[in-house]
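Residue numbers for the sequence shown follow the working numbering, beginning at 122 and rising by one.
The block underneath contains the structure these notes are about, expressed in structure tokens.
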Amino acid sequence: MHKNLTIEDIEELSQAGATSVPIPTPFDLKLVTKKIPIKFCEYKISNTANKMLSSESIGISSKGIIFQSLSEFKQGCLLRIWVEIPDYWSRKSKIVEYRHTEAPTFFQVLARVLSAEEILKRGTKYQILCENLTIDGVDETILNEYLNLSGAGR
């Protein structure tokens with residue numbers, strides 16, 4: 122069993138430069154360590170799919186996500202995130218009663234940035250911690266089943 126870190130512990134780790142591990146959060150998101158491809162951008166009407174950046178999650182749950190980015194986002198900033206679970210539509214089609222002519226490969230989440238920590242010198246890479254504000258109930262079920270079935274975090 123591991124010790125829960127306090128805010129003081131986190132600050133000490135940050136000052137010591139220990140940034141090779143995911144930064145603990147001030148509240149319990151219960152993130153599961155799992156690399157899932159994502160696309161993201163700042164939430165704006167003018168942002169389209171071709172303006173989205175690509176990355177993969179470090180930790181993810183229906184409550185939040187942590188990932189690395191070459192761009193820094195300010196605390197409180199809203200992000201549009203596409204989570205690309207393998208076989209997403211085949212998983213979803215077992216739950217919903219409608220069909221698609223072009224099966225989606227991702228589900229969308231609106232998230233708020235809680236922190237953006239610099240993880241490389243000179244600000245070349247950031248670790249972004251987000252809290253999910255909206256996630257469809259069916260997509261939440263699919264994500265939870267995927268994380269449990271894949272044995273992530275065990």
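Every residue gets a Cβ at the ideal spot worked out from N, C-alpha and C, and that includes glycine.
{"Item": "With a threshold of 8 Å on Cβ separation, who are the neighbours of ILE263 within its own chain once the five nearest residues in sequence on each side are excluded?", "Value": "ILE206, TYR209, ARG212, LYS213, ILE216, PHE228"}
{"Item": "Mapping the DSSP letters down to three states, classify ILE159 as helix, strand or coil.", "Value": "strand"}
{"Item": "For GLY185, collect the residues of the same chain with a Cβ closer than 8 Å to its Cβ; drop the 5 residues on either side in sequence, then sort them by chain order.", "Value": "THR146, LEU150, LEU152, ALA232, LEU235, LEU250, CYS251, GLU252, ASN253"}
{"Item": "What is the rounded straight-line gap between the Cα of VAL259 and the Cα of ILE166?", "Value": "25 Å"}
{"Item": "So is THR226 in contact with chain B if we call contact Cβ pairs under 8 Å?", "Value": "No chain B appears in the structure shown, which is made up of a single protein chain."}
{"Item": "Would SER176 pass as a contact of PHE161 if the rule is Cβ separation under 8 Å?", "Value": "yes"}
{"Item": "Go through its chain and collect everything with a Cβ distance to SER190's Cβ below 7 Å, but skip five positions before and after it.", "Value": "LEU174, SER176, TYR247, ILE249"}
{"Item": "In whole angstroms, what separates the C-alpha of ARG201 from that of LYS172?", "Value": "11 Å"}
{"Item": "Taking the C-alpha atoms as reference points, what is the distance between CYS198 and ILE256?", "Value": "17 Å"}
{"Item": "Can TRP203 and ILE157 be called in contact, C-beta distance under 8 Å?", "Value": "no"}
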